[in-house]
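Q:
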Amino acid sequence: MIKIELDSIPDGPSHFDLVQDACELEIGEDTGIVSLESPVRLALDIMRSSGEIVIRGRVGVDATLDCGRCLKAYRAELEAPLNIMCILGELAPDGVEGCRDGVIEVPTNARYIDISDEVRSELVVRLPLKPLCDAACKGLCASCGADLNETSCTCKPDEHDSRWDVLKKIK
Ligand SMILES: [Zn+2]
Ligand SMILES: [Zn+2]
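What follows is the structure, given as structure tokens:
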């Protein structure tokens, strides 16, 4: 759990640089992240007033991802902005207030704010749909499976693509 002690947040503006163990993020395999390789770094500007705490900042962590072209694992730095609103005090009686996204309700007797869900989801939505070890990654040969970053093969790329044959015949 990534949490901030309420007692440590002064009234008015303050800045927090936090380093948390990566396992606190509880990132699952379904995200496409193979593993986290560094502690989670948080740089937060916090504004506390009587009824609310506004947290703005950035989260960063090093991770291992699998390249979508050559399938090799590679290291990448994941980063995301954070924008979290915390309402202090009793929940609205009808519960409507508690349904808003990005708003954490902090009960009066709470000792800390748990920002794990917000940090995790901001990192995960920014993951590339097709992670690439390098924008220039050549990937694997579709015919023989050779890693074209490391070797070249003798396959001709268009050899098995019959669509071109059809076009040639039309000419
Ligand atoms: Zn690659
Ligand atoms: Zn090949």
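In this text, residue positions in the sequence shown follow my numbering: the first is 346, and each later residue adds one.
All residues carry an ideal CB built from backbone N, CA and C; glycine is no exception.
Quick caveat, the model's predicted, so the values are computed rather than measured.
Going along the chain, which residues put their C-beta within less than 6 Å of some heavy atom in ligand 2?
A: This criterion selects Cys486, Ser488, Cys489, Ala491, Cys498, Cys500.
Q: Taking the alpha carbon of Leu389 as the point to measure from, which residue in Ile349, Thr496, Ser497, Leu472 has its own alpha carbon closest?
A: For the residues Ile349, Thr496, Ser497, Leu472, the minimum Cα distance to Leu389 belongs to Ile349.
Q: Between Ile412 and Pro476, which are expected to be in contact by the criterion C-beta below 8 Å, what is the C-beta distance as a whole number of angstroms?
A: Reading off the sequence shown, one finds Cys at residue 412, where the question assumed Ile. Sure, about 6 Å apart at Cβ, within 8 Å.
Q: Of all the alpha helix (DSSP H) runs that stay within the bounds of the stretch 438-496, which reach a length of 4 or more residues?
A: Counting whole runs of 4 or more residues, the stretch 438-496 contains the alpha helix (DSSP H) stretches 461-470.
Q: Using DSSP's beta-bridge definition, name the partner residues of Asp359.
A: What sits at residue 359 in the sequence shown is Ser, not Asp. Ser359 pairs with Ile391.
Q: Would you say the beta carbon of Asn454 comes nearer than 8 Å to a heavy atom of ligand 1?
A: The answer is no for Asn454.
Q: Around the C-beta of Ala408, are 16 or more other C-beta atoms found within 10 angstroms, so that it is buried, or is it exposed?
A: Per the 10 Å Cβ criterion, buried.
Q: How many Å lie between Gly377 and Leu472 at the Cα?
A: One C-alpha to the other measures close to 8 Å.
Q: State the Cα-Cα distance for the pair Leu423 and Cys498, rounded to the nearest angstrom.
A: Computed Cα separation, rounded: 34 Å.
Q: Under three-state DSSP, which class holds Leu427?
A: Three-state result, Leu427: strand.
Q: For the beta strand (DSSP E) containing Thr409, list its first residue and its last residue.
A: Element bounds for Thr409: 397-411.
Q: Please work out which residues of its chain come closer than 6 Å, Cβ to Cβ, to Asp356, disregarding the five sequence neighbours upstream and downstream, and give them in chain order.
A: Arg393, listed in sequence order.
Q: Could you say which of Ile398, Glu382, Leu381, Glu369 lies nearest to His360 if we only look at CA atoms?
A: The option with the nearest alpha carbon to His360 is Ile398.
Q: Could you check whether the Cβ of Asn494 sits closer than 8 Å to any heavy atom belonging to ligand 1?
A: Yes, ligand 1 has a heavy atom inside 8 Å of this Cβ.
Q: Output the residues surrounding ligand 1, defined as those with a CB atom closer than 5 Å to any ligand heavy atom, in chain order.
A: Output, sorted by chain position: Cys412, Arg414, Cys415, Cys478, Cys482.
Q: Under 9 Å, do Val385 and Val469 count as touching if we go by C-beta distance?
A: In this structure, Val469 does not lie closer than 9 Å to Val385 by Cβ.
Q: Name the one or two DSSP bridge partners that Ser380 has.
A: Answer is Thr409, bridged to Ser380.
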